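Quick note on our numbering: the sequence shown kicks off at 44 and runs consecutively.
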Amino acid sequence: MHSHAENRGTRSLLIALCVTGSIFLVELIGGALAGSLALISDAMHMLSDSTGLVVALVATLIARKAASAKATYGYKRLEVFAAMLNAATVAGVSIWIVLEAFHRLSNGADVDARTTLLIGTIGLAANIISALVLRRDREHSLNIQGAYLHVLVDLFGSVAVIIASVCMLAFGWTWADTIASLVIAALILPRAMQLLWHAMSVLLERVPAEVDVHEIRTSLESLQHVTAVHDLHVWSLDGAEILATCHLVVEGPVTGDCDLLDRAQAALQRHGVGHSTIQIEVSGHGAHEEVCHHS
44 MHSHAENRGT RSLLIALCVT GSIFLVELIG GALAGSLALI SDAMHMLSDS
94 TGLVVALVAT LIARKAASAK ATYGYKRLEV FAAMLNAATV AGVSIWIVLE
144 AFHRLSNGAD VDARTTLLIG TIGLAANIIS ALVLRRDREH SLNIQGAYLH
194 VLVDLFGSVA VIIASVCMLA FGWTWADTIA SLVIAALILP RAMQLLWHAM
244 SVLLERVPAE VDVHEIRTSL ESLQHVTAVH DLHVWSLDGA EILATCHLVV
294 EGPVTGDCDL LDRAQAALQR HGVGHSTIQI EVSGHGAHEE VCHHS
């Protein structure tokens, strides 16, 4: 089942890459001919999309490599690196768009509205196809979520280009093209920063946002025979699966350690932890090891 989802995700990325790469060329050439900043801005974002999709695709393929003696966790974290790179690229593009837009507002520019309308409509259709293809797989991978972000923002960017083109044709508002580019940037930046922070949190091995460590500790301490819990660490390897390690301190010898382990793992699973490593120790054992204390 997991392998099927991975294959489907790879196929979705390939389709989105072909569509996005084609539209990038169309928008870049059309934007240059029409003198449209909105269209060129969208084309530059398409370029970052194409690059991001290539990175996402390569990361997905490498992440499939099995764990080994040299890489005991495997390569799934590479997908998180790809997501972070995607988000940083999108944020950089949005900043460039804002700077160029303010320059145009000061100096003005002539825009061929008919060309921007035609190409904006083509771009919208292509982005809808890519978004639908990636949408079904985005929950399974932070990497594909990053690729989906690219395409979704492009979709709204195409809508902004179309609206600006209609305004220029109907009312002669040439500045509408520049305003549209600012709208595109406003759509891009917050979502890009959100994904960037999410990816960085995974790489920093922070506790996932949906997990309450205090609740986990309370659940473990309430288990029979457990007197204390220390060295409790919760993190995610790839932004999807949650992992945890902990030491359970018990009072005196405990019969049926496996039963305690089963109950502890069940408690962790109730909090969304998919994989756990648990050490059981007697109360005096703490003096023989270095304990990681949390402030």
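Heads up, the beta-carbon is just placed ideally off N, CA and C, and yes, glycines get one too. Please read these numbers as outputs of a predicted model, since none were measured by experiment.
Any idea what DSSP makes of residue 274, helix, strand or coil?
As a first step, residue 274 must be located in the sequence shown, where it is residue number 231. Note: residue 274 maps to strand in three-state DSSP.
Looking only at its own chain, which residues have a Cβ that is under 7 Å from the Cβ of residue 216, when we skip the five neighbours before and after it?
Within the sequence shown, the letter at position 173 stands for residue 216. For residue 216, where only same-chain residues beyond five positions count, the Cβ hits under 7 Å are 210.
Within the continuous beta strand (DSSP E) that includes residue 315, where are the two ends?
Your numbering for residue 315 matches position 272 in the sequence shown. Looking at the DSSP string, residue 315 is not in any beta strand (DSSP E), and its letter there is neither H nor E.
Decide if residue 157 is buried, meaning its Cβ has at least 16 other Cβ atoms within 10 Å, or exposed.
As a working note, residue 157 is residue 114 in the sequence shown. That one is exposed.
Do the stretch 229-249 and the stretch 112-132 meet, that is, are 3 or more Cβ pairs less than 8 Å apart?
Because the criterion of three Cβ pairs below 8 Å is met, the stretch 229-249 and the stretch 112-132 touch.
DSSP state of residue 130, grouped into three classes?
As a position in the sequence shown, residue 130 is number 87, starting the count at 1. Correct three-state label for residue 130: helix.
Excluding five sequence neighbours on each side, which residues of the same chain lie with their C-beta closer than 6 Å to the C-beta of residue 235?
Within the sequence shown, the letter at position 192 stands for residue 235. Excluding sequence neighbours, residue 235 sits near 130, 133, 134.
Looking at residue 278: is its Cβ nearer than 7 Å to the Cβ of residue 248?
Indexing the sequence shown from 1 puts residue 278 at position 235. Indexing the sequence shown from 1 puts residue 248 at position 205. Yes.
In three-state terms, what does DSSP make of residue 279?
In the sequence shown, residue 279 corresponds to position 236, counting from 1. Residue state, collapsed to three classes: strand.
With a Cβ-Cβ cutoff of 7 Å, do residue 74 and residue 82 count as a contact?
Counting from 1 along the sequence shown, the entry for residue 74 is found at position 31. Counting from 1 along the sequence shown, the entry for residue 82 is found at position 39. Yes, Cβ-Cβ distance for residue 74 and residue 82 is below 7 Å.
Have a look at residue 141 and residue 220 and give me their C-alpha separation to the nearest angstrom.
Walking along the sequence shown from the start, residue 141 turns up at place 98. Walking along the sequence shown from the start, residue 220 turns up at place 177. If you take the alpha carbons of residue 141 and residue 220, they lie about 13 Å apart.
Mind checking who residue 288 pairs with in its DSSP beta bridge?
Locating residue 288 in the sequence shown gives position 245, where the first residue counts as 1. Answer by DSSP bridge pairing, in chain order: 276, 320.
Quick one: give me the first and last residue of the alpha helix (DSSP H) that residue 163 is part of.
Locating residue 163 in the sequence shown gives position 120, counting from the first residue. Residues 156-178.
Return the CA-CA distance between residue 269 and residue 126, expressed in angstroms with no decimal places.
On the sequence shown, residue 269 is found 226 positions in, with the first residue counted as 1. On the sequence shown, residue 126 is found 83 positions in, with the first residue counted as 1. If you take the alpha carbons of residue 269 and residue 126, they lie about 40 Å apart.
Whose CA, out of 318, 319, 159, 167, lies closest to the CA of residue 62?
Here residue 62 refers to the residue found at position 19 of the sequence shown. For residue 62, the nearest C-alpha among the options comes from 167.
Taking the alpha carbon of residue 154 as the point to measure from, which residue in 191, 223, 188, 175 has its own alpha carbon closest?
The sequence position of residue 154 within the sequence shown is 111, counting from 1. Among 191, 223, 188, 175, the Cα nearest to that of residue 154 belongs to 223.
Counting Cβ pairs closer than 8 Å, one from the stretch 194-208 and one from the stretch 169-177, do we hit at least three?
They touch, by the three-pair rule.
Using the three-state DSSP reduction, which class does residue 250 fall into: helix, strand or coil?
Numbered from 1 along the sequence shown, position 207 holds the residue referred to as residue 250. In this structure, residue 250 counts as coil in the three-state DSSP scheme.
When the Cα atoms are used, what is the spatial distance from residue 286 to residue 230?
Taking the sequence shown and counting its residues from 1, the one referred to as residue 286 is at position 243. Taking the sequence shown and counting its residues from 1, the one referred to as residue 230 is at position 187. So the two alpha carbons sit approximately 33 Å from each other.
Given a threshold of 16 other Cβ atoms within 10 Å of its Cβ, counted over all protein chains shown, does residue 108 qualify as buried or as exposed?
Residue mapping note: residue 108 aligns to position 65 of the sequence shown, counting from 1. Residue 108 comes out exposed.
Assuming residue 265 is part of the alpha helix (DSSP H), what are its boundary residues?
Counted from its first residue, the sequence shown places residue 265 at position 222. Careful: residue 265 lies outside any alpha helix (DSSP H) and carries neither H nor E.
Buried or exposed, going by whether 16 or more other CB atoms sit within 10 Å of the CB of residue 113?
Here residue 113 is taken as the residue at index 70 of the sequence shown, counted from 1. Exposed is the call here.
Residue 78 to residue 86, Cα distance in whole Å?
For the purposes of this step, residue 78 is taken as residue 35 along the sequence shown, with counting starting at 1. For the purposes of this step, residue 86 is taken as residue 43 along the sequence shown, with counting starting at 1. Spanning the two alpha carbons is a distance of roughly 13 Å.
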